[in-house]
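First comes the structure, then the notes that go with it.
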Amino acid sequence: MRISILLASAAALSFAACSNSPDQPADTGETAIDQSQVSDKQLEDQVMAALADAPKHGLTKDLFLKGELPSDAGQRRSALIKLAKDYASALADGMVDPRKLREAYTVPEPKTDVAAGLGQALSQGKYAEWVNSLAPQSDEYRALSQAFVQLVQRSPDLPDGDIPEGKTIHPGNSDPRVPAIAANLRSQGYLAEPAQQTGGQKPQAAPSARYTPQIVAAVKQWQADSGLKPDGIIGAGTVKALNASPRDRARTLAVNMERLRWLNRNPPATRIDVNTAATFLDYIRDGHLLDRRKVVAGQPGWETPQLGAPIFQLVANPTWTVPKSIVEEEIAEKSPAWLAENNFTQKDGQWVQGPGPQNSLGLVKFDMKDDEAIYLHDTPAKAIFGMNQRHRSHGCVRVDNALEFARVLAQADGVLDKFEKAMATGEETFVDLNTDIPVRLMYHTAYLGDDHRLHFAEDVYGWDNDVASALGYATTERVAPKARAEDVGP
8 MRISILLASA
18 AALSFAACSN
28 SPDQPADTGE
38 TAIDQSQVSD
48 KQLEDQVMAA
58 LADAPKHGLT
68 KDLFLKGELP
78 SDAGQRRSAL
88 IKLAKDYASA
98 LADGMVDPRK
108 LREAYTVPEP
118 KTDVAAGLGQ
128 ALSQGKYAEW
138 VNSLAPQSDE
148 YRALSQAFVQ
158 LVQRSPDLPD
168 GDIPEGKTIH
178 PGNSDPRVPA
188 IAANLRSQGY
198 LAEPAQQTGG
208 QKPQAAPSAR
218 YTPQIVAAVK
228 QWQADSGLKP
238 DGIIGAGTVK
248 ALNASPRDRA
258 RTLAVNMERL
268 RWLNRNPPAT
278 RIDVNTAATF
288 LDYIRDGHLL
298 DRRKVVAGQP
308 GWETPQLGAP
318 IFQLVANPTW
328 TVPKSIVEEE
338 IAEKSPAWLA
348 ENNFTQKDGQ
358 WVQGPGPQNS
368 LGLVKFDMKD
378 DEAIYLHDTP
388 AKAIFGMNQR
398 HRSHGCVRVD
408 NALEFARVLA
418 QADGVLDKFE
428 KAMATGEETF
438 VDLNTDIPVR
448 LMYHTAYLGD
458 DHRLHFAEDV
468 YGWDNDVASA
478 LGYATTERVA
488 PKARAEDVGP
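According to the numbering used here, the sequence shown holds residues 8 to 497 in order.
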């Protein structure tokens, strides 16, 4: 299936589906427009021209207007004004409400009164310019948008059919699948287009089946951007991933543009952003990236929710009161000897693990104010940070070299001395921060890396399907990964 067909599938969503707030009064925004300054033709020209630009946001006109506009002049004008408002709302706040897709979603969202600027934009003939300004203006959004448009533009040259399975292809090998692999990489911009023939020259020979150094380099870069081991070896996993793109990559880009539209345009200048799909966190201080490190997020079945909540205290040498769900699935089957060896005791009918290097929370916990009992913490299971697939916790977020990270936060907050003294006690000690640090736990399967390149993460939770379906894209089949927790920690 070509990307153009993928885009066309968005037409399955009705015009009414773009309303983010069905409980609000059905105000079309018509009262905000001075009808003497905006003729019917000017109104229609502006709105339809803006909608023609919708694909750069991963959207289509058919999402907002299914069928023909009414023929009655008054009804047509009202429909156009509603269309203009709905499209503006989609770019300002997102097409769909994330809280209706996931039970727990508390990441701060934009709340834009598009009706306030709609009339002025239309009256000045600047609707297209104004509505595009409502979408995120970040480098990341622009990169997603540009990649989406490029994939759509290149799609006519993408060969039909998947790359077949076969033996592993190593650099220097020859394989009849190499031309199809090269065409796939060219469609995504990883390989230059072949030289064009000019008049009078002999017809160009059939594409070589040799896996050349040039194609190897392109495969390595593509693997790195896709979260795969960048070894240049084309095995079954790489073939499967190549077959999923670029058509599925276009869908992924559209889904993640929508996720960016859900976010406040001016987040706190100092914050911690965790990408639970790609399993890393960014510590941004005063608007600058200060620290990026790996994390471990929840495994399928124990997904880390998308939350916005601040860290308000550091806990040195934490104890761990085991949740009932983990007791039932993990602790209940452990032997008395194992429990004693790992410092588990029962207190008031609950299993509690004492502080120390073996504690499942490690040596430090980052307490957050949220209703889901989710937090960041250290872990004794350090080896997981060296793995490609790091969805292995029971929902909380484990931080690589968490003790170092705690010291970075404590130093910036002016409580490093208190934290060091608390650590020296060897007992659970709470260190309040002078200023809460906002944290956003987000699930983004396409994102801009610190190398300024687009990267893709596996949709481990299958959450892309929810967003894609709401946007009118086809859902994809997926096999849910098996639980992978090597320990009982949260």
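For each residue, glycine too, the CB sits at the ideal point set by N, CA and C.
Predicted, not measured: the structure shown is a model, and the values here were computed from it.
Rounded to whole angstroms, the gap between the alpha carbons of D471 and A142 is 20 Å.
The beta carbon of L370 sits closer than 6 Å to the beta carbons of D385 and L410 from its chain, once the five residues preceding and following it are set aside; these are given in chain order. Judged by DSSP secondary structure, L461 falls within the beta strand (DSSP E) whose first and last residues are L461 to F463. In this structure, E337 sits away from V103, with a CB-CB distance that is not shorter than 8 Å. Scanning T452, A323 and A339 for the CA closest to the CA of A429 turns up A323.
Per the C-alpha coordinates, the member of E335, T277 and R266 positioned closest to D420 is T277. Between A304 and V404, the beta carbon gap of about 6 Å places them in contact (Cβ cut-off 8 Å). One Cα belongs to R397, the other to A251, and the distance between them is close to 22 Å. The straight-line gap separating the alpha-carbon atoms of N273 and D280 is approximately 14 Å. For F351, the enclosing beta strand (DSSP E) starts and ends at F351 to K354. Sequence-distant Cβ neighbours of Y197 in its own chain, meaning closer than 7 Å and more than five residues away, are A225, Q228 and W229. Contact between M449 and T283 holds, since their C-beta atoms are separated by about 7 Å, short of 8 Å. Contact annotation: D466 and R268 have beta-carbon atoms that are not nearer than 8 Å. Judged by DSSP secondary structure, Y94 falls within the alpha helix (DSSP H) whose first and last residues are A80 to D100.
Between E379 and P275, the C-beta spacing is not below 8 Å. The three-state secondary structure of H177, taken from DSSP, is coil. For Y148, there is no enclosing beta strand (DSSP E); the enclosing alpha helix (DSSP H) covers residues D146 to R161.
Comparing alpha carbon positions, the residue from R184, S194, L125 and G433 closest to P364 is G433. The stretch 40-59 makes contact with the stretch 83-93, as at least three CB pairs between them are under 8 Å. For P186, the uninterrupted alpha helix (DSSP H) segment begins and ends at V185 to S194. Taking the CA atoms as reference points, D289 sits about 20 Å from L423. Closest in alpha carbon position to P387, among I381, D377 and S400, is S400. For P237, DSSP records no beta bridge to any residue.
A residue is called buried once 16 or more other Cβ atoms fall within 10 Å of its Cβ, and E265 is buried on that count. Ranked by Cα distance from G402, the first of E484, N408, W309 and K354 is W309. As the crow flies, the alpha-carbon of T436 is around 10 Å from that of P362. In summary, P445 is buried, with 16 or more beta-carbon neighbours lying within 10 Å of its beta-carbon over all protein chains present. In the three-state reduction of the DSSP assignment, G315 falls in the strand class, which pools E and B. Non-local C-beta neighbours of E172 in its own chain, meaning closer than 7 Å and more than five positions away in sequence, comprise A243 and V246, ordered along the chain. Taking the Cα of L260 as reference, the smallest distance to any Cα among H64, V45 and G479 is reached at H64. Of the candidates T352, G315 and S215, G315 places its Cα closest to the Cα of R106. Per the coordinates, the alpha-carbon of L125 lies some 14 Å from the alpha-carbon of Q49. For G239, the CB contacts under 7 Å within the same chain, skipping 5 residues up- and downstream, are P178, V223, V226 and K227 in chain order.
The residue among D377, L297, R258 and A150 with its C-alpha nearest the C-alpha of Y112 is D377. The continuous alpha helix (DSSP H) containing K425 extends over residues L423 to T432.
Taking 8 Å as the cut-off, the Cβ atoms of P220 and A189 do not count as close.
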